[in-house]
Amino acid sequence: MSATDKHIRTEQVQELHNELRQWQSSFQLMHDEMTFIDHLLNSYAFQPNTPNLFERLTNYLDRLMTFKSKASEIMEALQKHEYELGGIMECTEGECDEDCLLKHEQLKMHTDSCIKDFGNLKAEIFNYAGGILKRRKPD
245 MSATDKHIRT
255 EQVQELHNEL
265 RQWQSSFQLM
275 HDEMTFIDHL
285 LNSYAFQPNT
295 PNLFERLTNY
305 LDRLMTFKSK
315 ASEIMEALQK
325 HEYELGGIME
335 CTEGECDEDC
345 LLKHEQLKMH
355 TDSCIKDFGN
365 LKAEIFNYAG
375 GILKRRKPD
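This is the structure:
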């Protein structure tokens, strides 16, 4: 492999690594948001006389748990992929590059889908919760 090829390969791997770090950052934020939403849904901040309140909160909590599990699986895959990206520089065959790029694109699809779906769930929960939170009377 020529020095130019090695430089181009290094830049490509660095781009993949940067994208991977962005995903990891998004998933860390998502984890923090899930924790907040979990605390919100388990709080006593809602009007108790709201119709179907328990059922809706239970549904949201169940869906949130599903996202936590899915996000955890994706985070593990991202960590494994990060390790593999580190090893790609040692690989001399173009096959390693193709396998790594294919895996990266698959992770991108799963990551983007999870982030989008969680954003939709979060918006749904916040829209619902915003209308039924207890209103504090001004002092």
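Each residue of the sequence shown is one higher than the one before, counting from 245 in the numbering used here.
Note that the Cβ used here is the ideal one computed from N, Cα and C, for glycine as well.
Query: Contact under 7 Å by Cβ, ILE332 with VAL257; Result: yes
Query: Neighbourhood of MET278 by C-beta distance below 7 Å, restricted to the same chain and skipping five residues each side; Result: LEU308, PHE311 and LYS312
Query: Pairwise C-alpha distance: PHE271 and PHE362; Result: 10 Å
Query: C-alpha gap between THR302 and GLU342, whole angstroms; Result: 44 Å
Query: Host alpha helix (DSSP H) of ALA289 (start-end); Result: Segment: none, ALA289 is in no alpha helix (DSSP H) and carries neither H nor E.
Query: Any non-hydrogen atom of the ligand GDP within 6 Å of LEU329 CB; Result: Absence of the ligand GDP is noted for the structure shown, with no ligands found whatsoever.
Query: Burial state of TYR327, where buried means 16 or more other Cβ atoms lie within 10 Å; Result: exposed
Query: CA-to-CA distance, ASN293 to LEU351, given in whole angstroms; Result: 44 Å
Query: Nearest residue (CA-CA) to ILE359, options LEU273, LYS378 and PRO295; Result: LEU273
Query: Contact belief for ILE281 with LYS366 at Cβ below 8 Å, rounded distance in angstroms; Result: 7 Å
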